[in-house]
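*Asks:* One structure, pasted below without further comment.
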Amino acid sequence: MNRRIIFDRFLIQRFGISLLTLVAFLTVIPIIAVFAYIISKGAPALSWQFLSAMPSDGMRAGGILPAIVGTFYLTLGTAIISVPLGIAAAIYLAEYASENWLTRLIRIAIINLAGIPSVVYGLFGLGLFVLFLKFGTSILAASLTLSIMTLPVIISASEEALRTVPQAFRTVSISLGGTRWQTIRKIILPQALPGIITGVILGLERAAGETAPILFTGAAFFLPHLPNSPLDATMALPYHLFVISTQVPGMPIQIQYGTALVLIIFVLGMNVTATIIRSRARARRQW
Amino acid sequence: MDKIVIEHLTLTYPSGTESLKDINLKIPANAITVLFGPAGGGKSSLLRCLNRLNDLVQIQTLTGSIFLDGENILDPKMDVIALRRRVGIVFARPVVLPTSIRGNLTYGLELANEKRKSRLDEAVERGLKLSALWDEVKNRLDDPAIALSGGQQQRLCLARVLANQPEVILLDEPTSGLDPISTGKVEAALQELKKDYTIILVPHSVQQAARTSDYAAFFLQGELVEYAQGKDLFTHPKIKRTEDYIEGRFG
C-alpha cells in the first residue's frame, strides 16, 4: 500500500519534470526557427563584396558597407556617451547616495525611462538634439538619443553589480585606512566589473538594433559615401533593413535577408561576448 | 603608561538598541585588555569608536572624548585615515579580500601609496610571521586567500592589520568561528604581540577573557561595571554583578 503511494508520487514527479523540460524546450524553438530561416535565406547573399561594397543600382545590388559602418559608429558613439555616465551614476547611487526622496526619485525616473517606447525617444531626440541644439540629422544626435535609451539599462545593471559586492569588503578596506574612493577603485569596481560589462553590452546591443530612435535623428535613406564626421547623417543596418524591405520596389530578397543576417550576427556577437565575460568571471569569483 | 584614555564616552543609536553610558576607561600600552560581558553590552560599539569605524553607521549621539597618546580622536578635525592605520581591527568573521594572500597583506600599504617592492615584501613576511601563519603559506603567497582554512583566514586578517604597522590592535571576537587549535594559535600570537602593541580584545567567552587578559573590563547594558587587572577581577570580583556573570549565573 505504502509502496504504491510512493510509486505514484514518483510517477507524478517524473511527469511534472518532463512537462517542465518540454515547456523550456518550446521557448528555444522560435529562436532556432528565426535563425534557421534567416540563415537559409540570407547566407547566399553573404560575400566579401556584400560586406565591403557600397550599394549600387538603387540599393538593389552591391553591398551594405555604409550601413555596417554606420551601425558601428552609432554603437561606438552611444558607448562613448552612455558608458561613463551610466557607470558614474551607478557608483553614485550604490556607493555614495543615502536613501532619501532624491535617490528614490532618481530610481523611479530610471525605471520609467526604461519603459518608454523607443519611437518616443526618437521624437524627443528630434526635438532636443536635432532641432533645438541644432546638431541636425547626425551621428551625434542619434548617438545621444540612443544613449538616453541605453542609460537606464547600464545604470540598473551596474548598480546591481556594485550592490552584490559584499559589504564586508568595504568595511575591511576602510578599516585598513582606505578612503571610500580607493575602496571603490581597488575592490568594488574590479569585483563588479563583469556585471557592469554585461549590462553595458546588453544596453549597447539594444541600441545597435533599434530603428525608431535613429529614424528622425541620424539615419539616412541612402548615402553615396561613408560619414566623415559626427555631424554627418549615416546609414544604419536596422533602418537600411526597413528601407529595403518596404521602400524599394523590385528588391532582391537575398539582399534583405543578407542584411538581416548581418544585423543579427552583429547583435548576437555582442550578446555572446557578454555571456562569455559573465561566465568566466563567475568561475573566477573568490567569494 | 596609558595608551588610550576614554572619558565620559556616551553613544546612542537611532534604534536605541545598543549604547554606551558615560564610559571612563584607561587602557595601558603593551598589554591585553579584554572587554567582556553579555551581548548587547556595548563592547563592539566601543571598539568601533576607537578607530572611528562608527563613522560608517548612523549614530544618534556621541559625546565624551577618546585620547590616543593624548590626542582626542573624536575631534572632527582628526585625520581618520591616519587613525585607522594606527588602530587596526580584526572582525569576528574573517573577511579576506578577493585577491592573493600577498595581495591581502600589501593592501593597506598600497592604500598609502607604498610601491617599493622591498617594503611590501618585508611587510608581508613580518605580518605573516607575527600572526604565526608564515610557515603554512610562505610557499604559496600568490594563491587566492579564499583557499585558506577558516583559522588561517583569521590569522591572515590579523597579519593584514600587522602589515600596516599599527600601534593598537582591536579584536572583535576573533576566534568565535574557530576550532580550539586555531583559537590557541591566535591567542599565542596575541601573547607575543602584546610586547610591542596595545591589544584590546572582545573575547568570545569568559574563559577566553580569563585566559588572555592582563586587564579586564566588564560591560553590562552599555555600562562599564568593573575594571581591574585580569588576575584580580576573575578571582576576586568586587561587584556582585561581575561575580554573577563570571560564575555563569546569568548572561
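Chains as they are written, first to last, in numbering that gives the first Met the number 0: chain A, 0 to 286; chain B, 0 to 250.
Note that beta-carbon positions come from the ideal geometry of N, C-alpha and C, so glycine has one too.
1) Against chain B, with Cβ distances strictly below 7 Å, would Gln181(A) count as a contact?
2) Whole angstroms are fine: how far does the CA of Gly198(A) sit from the CA of Ile90(A)?
3) Apart from the five residues just before and just after Ala218(A), which ones in its own chain have a Cβ nearer than 6 Å to its Cβ?
4) Does the stretch 207-218 of chain A come close enough to the stretch 52-60 of chain A that 3 or more CB-CB pairs lie under 8 Å?
5) Of all Cβ atoms in chain A, is any one closer than 7 Å to the Cβ of Gly149(B)?
6) Do Gly76(A) and Ile153(A) have their beta-carbon atoms positioned less than 7 Å apart in this structure?
7) Tyr239(A) by DSSP, collapsed to three states: which one?
8) According to DSSP, is Gly137(B) part of a helix, a strand, or is it coil?
9) Is DSSP giving Gly57(A) helix, strand or coil here?
10) Three-state secondary structure (DSSP) at Gly114(A)?
11) Contact between the stretch 131-143 of chain A and the stretch 153-171 of chain A: three or more CB pairs below 8 Å?
12) Output the boundary residues of the alpha helix (DSSP H) element that contains Val95(B).
13) Report the neighbours of Tyr196(B) on chain A: residues whose CB is nearer than 9 Å to its CB, in chain order.
14) List the residues that DSSP assigns as beta-bridge partners of Asp171(B).
15) Between the C-alpha atoms of Ala131(B) and Ala208(B), what's the straight-line distance to the nearest angstrom?
16) Verify the CB distance criterion: does Ile31(B) have a CB-CB separation below 7 Å to chain A?
17) For Val167(B) and Val86(B), what's the separation of their Cα atoms in angstroms?
18) Could you tell me whether the stretch 91-109 of chain B touches the stretch 156-173 of chain B, where touching means 3 or more Cβ pairs closer than 8 Å?
19) Would Arg47(B) be called buried (16 or more neighbouring beta carbons within 10 Å of its own) or exposed?
20) To the nearest angstrom, how far is the alpha carbon of Gly250(B) from that of Thr32(B)?
21) Counting only beta-carbon separations shorter than 7 Å, does Ile58(B) have a partner in chain A?
22) Where in the stretch 164-223 of chain A do unbroken runs of the alpha helix (DSSP H), each at least 4 residues long, occur, reported from the N-terminal end onward?
23) Here's a check: name, in chain order, each residue in its chain whose Cβ is nearer than 8 Å to the Cβ of Gln181(A), leaving out the five neighbours to either side.
24) Looking at the C-beta of Ile3(B), does it have a partner C-beta in chain A at a distance below 7 Å?
25) Hey, does Leu288(B) have any beta-carbon neighbour from chain A nearer than 7 Å?
26) Which residue from Ser204(B), Tyr214(B), Thr174(B), His7(B) puts its Cα closest to that of Thr197(B)?
27) Please state the DSSP three-state secondary structure of Ala196(B).
28) Taking Ala167(A) as the query, report the chain B residues whose CB atoms sit under 9 Å from its CB, ordered along the chain.
29) What does DSSP give as the partner residues of Gly149(B) in its beta bridges?
30) With a threshold of 16 other CB atoms inside 10 Å of the CB of Gln59(B), please say whether the residue is buried or exposed.
31) Which residues of the stretch 50-66 of chain A have a Cβ closer than 8 Å to any Cβ of chain B? Give them in chain order.
32) Out of curiosity, what's the CA-to-CA distance linking Leu55(B) and Val185(B)?
33) Which of the three DSSP states is assigned to Gly126(A) in this structure?
34) Under a Cβ-count criterion, where at least 16 other Cβ atoms within 10 Å of its own Cβ denotes burial, should Asn112(B) be classed as buried or exposed?
35) Tell me, please, which residues DSSP counts as bridged to Ser18(B).
*Replies:* According to the data block:
1) yes
2) 14 Å
3) Ala235, Tyr238
4) no
5) no
6) no
7) Rather than Tyr, the amino acid found at residue 239(A) in this sequence is His. His239(A): helix per DSSP, three-state reduction.
8) In the sequence on display, residue 137(B) carries Lys and not Gly. The answer is coil: DSSP assigns Lys137(B) none of H, G, I, E or B.
9) coil
10) helix
11) no
12) Segment: none, Val95(B) is in no alpha helix (DSSP H) and carries neither H nor E.
13) Ordered by position in chain A, no residue passes the 9 Å Cβ test against Tyr196(B), which lies about 16 Å from the chain.
14) Val201(B)
15) 21 Å
16) no
17) 5 Å
18) yes
19) buried
20) The predicted model places Gly250(B) with a pLDDT of 48, which falls under 50 and marks its position as unreliable; any figure quoted below should be read in that light. Distance between the alpha carbons of Gly250(B) and Thr32(B) is about 21 Å.
21) no
22) 166-174, 179-182, 188-208, 211-214
23) Ser172
24) no
25) Absent from the model: residue 288(B). The displayed extent of chain B is 0 to 250, so no value can be given.
26) Tyr214(B)
27) Checking the sequence shown, residue 196(B) turns out to be Tyr, not Ala. Correct three-state label for Tyr196(B): coil.
28) Phe90, Arg92, Val94
29) Answer by DSSP bridge pairing: none, since Gly149(B) is not bridged.
30) exposed
31) none
32) 28 Å
33) helix
34) exposed
35) Thr11(B)
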